[in-house]
Amino acid sequence: MFQRCILLGLYHRLYTAYGPQSWWPARSDFEVIVGAVLTQNTAWTNVEYAIRNLRRERRLSLRAMDGLAHGELARLIRPAGYFNVKARRLKNVCKWLAASGGLSGARRRSTNELREDLLRVNGVGPETADSILLYAFRRPVFVIDIYTRRLLSRFGLIAGDEPYETLRIAIESALAPDHSLFNEYHALIVRHEKEKCGGTRDCRHCQVEQNIE
DNA sequence: TACCAGGAGAAAA
DNA sequence: TTTTCTCATGGT
Numbered sequence: 675m676f677q678r679c680i681l682l683g684l685y686h687r688l689y690t691a692y693g694p695q696s697w698w699p700a701r702s703d704f705e706v707i708v709g710a711v712l713t714q715n716t717a718w719t720n721v722e723y724a725i726r727n728l729r730r731e732r733r734l735s736l737r738a739m740d741g742l743a744h745g746e747l748a749r750l751i752r753p754a755g756y757f758n759v760k761a762r763r764l765k766n767v768c769k770w771l772a773a774s775g776g777l778s779g780a781r782r783r784s785t786n787e788l789r790e791d792l793l794r795v796n797g798v799g800p801e802t803a804d805s806i807l808l809y810a811f812r813r814p815v816f817v818i819d820i821y822t823r824r825l826l827s828r829f830g831l832i833a834g835d836e837p838y839e840t841l842r843i844a845i846e847s848a849l850a851p852d853h854s855l856f857n858e859y860h861a862l863i864v865r866h867e868k869e870k871c872g873g874t875r876d877c878r879h880c881q882v883e884q885n886i887e
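Using my numbering, the first residue of the first sequence is number 675, and each one after it goes up by one.
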């Protein structure tokens, strides 16, 4: 489906335009997991407000969050929207992580095992699971989100409505299983899709977009 | 005021 | 099996 050289060419254009992104924007791996749930269908700025509340209340750890009542957790994450749904989902993830022996216990398991297990947690779909695997567990899994679909379809590489697994497997098959590359690539895609066109001759957005027609 | 933003699951068709 | 609906806040 994808040619390796085309995917790498696009990566290098993005990297040249924006440089290293050093993702995910979080202070700990547990915070990555929390952010992955909170950002579901939600602008990141709103997630930051919720993360700030959790940090202020010292609830950004597995034990502290697992010990919170639903209502209290929902109150803290309110700015991220869907707070009742997300509070339930966060508690589900906490239970899964605790049952896995915490982050260190989960790290001892294979990527496939972790992925299948994560997808069984109610509230964790493929995008959330893969974000957690890539950014919290540093596994070579490519995240397919709305930004990935938008960019690749604009470049004419996909139709845009392919099933999640079809795209993920196609991209992973075309590239070497390198978590650092997948991390940087996805972060660059998000950066590029959020970048506003500066309208100037050296606009970074236009540098990447040029000659795609 | 209306629309949008890094999904996922349940219900309905 | 596929489509539609629901969950909700903050920024523009």
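Don't be surprised by glycine CBs; every beta carbon is placed ideally from N, CA and C. The model shown is predicted, which means the values in this text are computed figures rather than measured ones.
Beta-carbon proximity list for residue i, same chain, < 6 Å, skipping 5 on both sides
| i | result |
| --- | --- |
| G797 | R763 and N766 |
| H860 | V817 |
| R823 | G834 |
| K769 | none |
CB contact flag (residue i, residue j, <8 Å)
| i | j | result |
| --- | --- | --- |
| L736 | L771 | yes |
| R813 | T785 | yes |
| F829 | L684 | yes |
| V706 | Y809 | yes |
| L646 | I845 | Limits of the chain in this structure are 675 at one end and 887 at the other, which puts residue 646 out of reach. |
| R878 | Y692 | yes |
| A724 | A754 | yes |
| E869 | P694 | no |
| L807 | L793 | no |
| R842 | D791 | no |
| R782 | F811 | no |
| V708 | L728 | yes |
Unbroken alpha helix (DSSP H) run spanning residue i, endpoints
| i | result |
| --- | --- |
| W770 | F757 to A773 |
| T690 | R678 to Y692 |
| W697 | Note, W697: premise wrong, no alpha helix (DSSP H); not H, not E. |
| T822 | I820 to R828 |
| P814 | Careful: P814 lies outside any alpha helix (DSSP H) and carries neither H nor E. |
| T716 | Taken as a continuous stretch (DSSP letters only), T716 belongs to no alpha helix (DSSP H), as it is neither H nor E. |
| R878 | R878 to E883 |
| K870 | Premise fails: K870 is in no alpha helix (DSSP H) and is neither H nor E. |
Close-in-space but distant-in-sequence residues of the same chain around residue i (CB under 7 Å, 5 per side omitted)
| i | result |
| --- | --- |
| T802 | A710, V711 and Q714 |
| V882 | R687, L688, A691 and H866 |
Residue i - DSSP class collapsed to helix/strand/coil
| i | result |
| --- | --- |
| M739 | helix |
| P745 | First, the residue type needs correcting, since residue 745 is Gly and not Pro in the sequence shown. Helix at G745. |
| T802 | helix |
| D791 | helix |
| L831 | coil |
From the options, residue whose alpha carbon lies closest to that of residue i
| i | options | result |
| --- | --- | --- |
| S778 | D819, D703 and L682 | D703 |
| P699 | D852, M675 and V864 | V864 |
| L747 | L734, A754 and A761 | A761 |
| L849 | S827, V815, C768 and E869 | V815 |
| L734 | L807, I751, T719 and W718 | I751 |
| V716 | F757, Q677, N727 and T874 | The sequence shown places Thr at residue 716, not Val. If we check each option's Cα against that of T716, F757 comes out closest. |
| P800 | Y838, I832, E731 and G776 | Y838 |
| H853 | S696, F676, G776 and C679 | S696 |
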